[in-house]
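So the sequence shown is numbered by our numbering: it starts at 521 and just counts up by one. Ideal Cβ positions, reconstructed from N, Cα and C, are used throughout, including at glycine. Keep in mind that this is a model prediction, so the values were computed, not measured. Report on the following structure.
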Amino acid sequence: MSADRQGLIAALDVGSSKVGCFIARMDPQQGLTILGVGHRLCVGVKGGAVVDIIEAERAIRAAVQQAETLAGETVESVIVSFSAGQLQSQVIEVDVAIDGHRVEEADIARVLAEARAAIDPGDRVVIHAFPACFGIDGSYGVRAPVGMYGDRLAVTMHVVSAAAGPVRNLESAIQKAHLTVSRFVAGPYASGLATLVEDERDLGAAVVDLGAGSTQIAVFAAGAMVHLDIVPLGAGHVTQDIARGLITPLDHAERLKTVHGNAIQSAQDDREDITVPQMGETEFDEDGASQISRSALTGIIQPRLEEILEFVRDRLVASGFEGTGARRVVLTGGGAQMPGIRDLAQTILDKQVRIGKPVRIAGSPDATSGPAFATCTGLLLFSILAPKEALEMQADKSRAEPQGPWARMGRWLKDNF
521 MSADRQGLIA ALDVGSSKVG CFIARMDPQQ GLTILGVGHR LCVGVKGGAV VDIIEAERAI
581 RAAVQQAETL AGETVESVIV SFSAGQLQSQ VIEVDVAIDG HRVEEADIAR VLAEARAAID
641 PGDRVVIHAF PACFGIDGSY GVRAPVGMYG DRLAVTMHVV SAAAGPVRNL ESAIQKAHLT
701 VSRFVAGPYA SGLATLVEDE RDLGAAVVDL GAGSTQIAVF AAGAMVHLDI VPLGAGHVTQ
761 DIARGLITPL DHAERLKTVH GNAIQSAQDD REDITVPQMG ETEFDEDGAS QISRSALTGI
821 IQPRLEEILE FVRDRLVASG FEGTGARRVV LTGGGAQMPG IRDLAQTILD KQVRIGKPVR
881 IAGSPDATSG PAFATCTGLL LFSILAPKEA LEMQADKSRA EPQGPWARMG RWLKDNF
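So, in structure tokens, the structure goes:
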């Protein structure tokens with residue numbers, strides 16, 4: 521558990537459009553309770569990576585201070601989401617001899633130690649290392665091997681790594697705000713913890729987090745995250761398209777998207793006019809604004825959303841998990857609040873799609889109950905679920921051989937789901 525001596529947990533989600541901070545307390549009797557929430561606009565981050573360390577630090581400091589004020593507490597460390605640095609999935613498989621005896625906890629520790637030694641991130645940083653499943657004598661899909669018999673015990677490990685530079689830059693911005701990072705968590709994994717129900721994690725589902733600077737994908741099956749990917753396009757690109765297409769400032773383009781935007785054309789769109797302020801104008805007035813139909817606005821929004829969802833579809837197919845761990849798609853993130861996005865996604869992805877709102881935690885304000893705050897909620901859940909669901913690893917020294925295990929893991933998922 522990533523809690524301090526007082527049971528305080530601070531979650532920090534540094535995104536391309538906003539920084540969010542949740543401060544909660546974990547009590548053995550009462551469970552998890554949110555004490556304070558803070559969020560600020562952020563202009564120092566692009567695509568999840570820090571591009572202006574001063575602006576990023578300023579937004580981080582303001583969001584954390586707001587949460588601290590509401591909580592009446594001060595925090596020193598934060599658990600942080602990370603979505604930049606070319607996040608990569610890799611599967612490593614190792615096995616050890618057990619010579620026909622009963623599998624004990626010591627054998628589990630031994631095979632996990634072998635897997636840890638097999639991780640070779642090179643110049644990258646290991647964010648996660650999940651034991652996706654165990655195997656005994658070539659039979660995979662074993663979740664709890666203790667008490668079973670066999671000659672060889674294997675583990676399939678899902679390793680998530682990131683380029684070292686973006687990790688260090690984000691950590692530096694956080695340190696400048698006089699905070700320490702207790703650990704990093706992959707953003708799409710946190711979103712999955714917050715929005716997927718247990719059956720979806722077990723039977724197979726893909727979380728698609730439509731953020732401002734990128735769209736993050738996490739595939740879950742058999743209770744674990746088995747694949748992760750990122751598309752470098754997000755809802756912020758829709759805003760930029762509107763600003764360019766209508767020659768209007770970015771802040772007005774964002775408002776047009778939020779208030780009038782729709783992912784799919786409707787019959788009524790041609791009959792509704794929208795006022796668009798022009799570049800350089802500061803007020804909505806007759807001289808400094810133009811009128812367009814809502815249909816014209818949707819005509820800008822829909823093609824970009826289609827492009828993003830087509831990339832998601834192609835990435836799922838390329839992953840090998842498209843037909844196994846991704847029969848159902850859960851959309852979350854700020855972009856998932858766009859009207860019509862569910863229907864558009866269902867058409868392009870050809871899957872069951874729902875909008876994923878984060879699980880409600882005691883004390884959470886209504887304003888943070890939407891998809892835009894799923895990652896922050898997931899960070900809090902990760903902090904109490906981590907001992908069961910993740911293995912925090914140090915980068916070690918040996919060779920990783922991902923090719924065979926990917927295929928074997930995919931075959932096992934197909935056989936079982």
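Query raised in the report: For T594, which of helix, strand or coil comes out of DSSP?
Result: coil
Report task. On a CA-only basis, which of V646, G605, I762, I656 is nearest I618? Give me that one, please. Result -> I656
Query raised in the report: What did DSSP end up calling K959 once you bin it into helix, strand or coil?
Result: This structure does not reach residue 959, given that the chain is present from 521 up to 937, and the question cannot be answered.
Report task. Evaluate I669 with the Cβ neighbour count: other Cβ atoms within 10 Å of its Cβ, from every protein chain shown; 16 or more gives buried, anything less gives exposed. Result -> According to the sequence as given, residue 669 is Tyr; it is not Ile. Y669 comes out exposed.
Query - Nearest-angstrom Cα separation, counted from L869 out to A576 - result: One C-alpha to the other measures close to 35 Å.
Requested in this report: In angstroms with no decimal places, state the Cα-to-Cα distance between T778 and M858.
Outcome: 7 Å
Requested in this report: Output the residue ranges of the beta strand (DSSP E) runs that lie fully inside the segment 609 to 696 and measure 3 residues or longer, sorted by chain position.
Outcome: 644 to 656, 659 to 662, 672 to 683
Query raised in the report: Given 8 Å as the limit, is there contact between the segment 846 to 853 and the segment 719 to 733, that is, 3 or more CB pairs closer than that?
Result: yes
Report task. Could you give the DSSP three-state label for C896: helix, strand or coil? Result -> helix
Query raised in the report: Hey, which unbroken runs of the beta strand (DSSP E) at 3 residues or more fall wholly within the segment 764 to 819?
Result: 793 to 797, 809 to 813
Requested in this report: May I ask you to report which of helix, strand or coil DSSP gives H747?
Outcome: strand
**Report entry** Strand pairing of I737, partner residues [DSSP]
**Finding:** V728, D749
Requested in this report: Determine the direct distance from the alpha carbon of D749 to that of A838, and round the result to whole angstroms.
Outcome: 11 Å
Query raised in the report: Are R703 and I639 closer than 8 Å when you measure CB to CB?
Result: no
Query raised in the report: Cα separation between D789 and A887?
Result: Cα to Cα, the separation comes out at about 29 Å.
Query raised in the report: Taking the C-alpha atoms as reference points, what is the distance between T553 and H559?
Result: 18 Å
Query raised in the report: Who are the Cβ neighbours of G860 in its own chain at under 7 Å, not counting the five residues just before and after it?
Result: N782, A783, I784
Query raised in the report: Is L834 helix, strand or coil by DSSP?
Result: The displayed chain sequence assigns Asp, not Leu, to residue 834. The answer is helix: DSSP assigns D834 an H, G or I state.
Query raised in the report: For D533, does the three-state DSSP call read helix, strand or coil?
Result: Strand.
Requested in this report: With DSSP collapsed to three states, give me the class of V758.
Outcome: Reduced to three states, the DSSP call for V758 is helix.
**Report entry** Exposed unless 16 or more other CB atoms sit within 10 angstroms - verdict on G658
**Finding:** exposed
**Report entry** Residue environment, E830, which counts as buried when at least 16 other CB atoms sit within 10 Å
**Finding:** Around the beta carbon of E830, fewer than 16 other beta carbons sit within 10 angstroms, so the residue counts as exposed.
Requested in this report: Determine the direct distance from the alpha carbon of N689 to that of G763, and round the result to whole angstroms.
Outcome: Reading off the sequence shown, one finds Ala at residue 763, where the question assumed Gly. So the two alpha carbons sit approximately 30 Å from each other.
Query raised in the report: Counting pairs of Cβ atoms below 8 Å between the segment 705 to 713 and the segment 627 to 636, do you hit three or more?
Result: no
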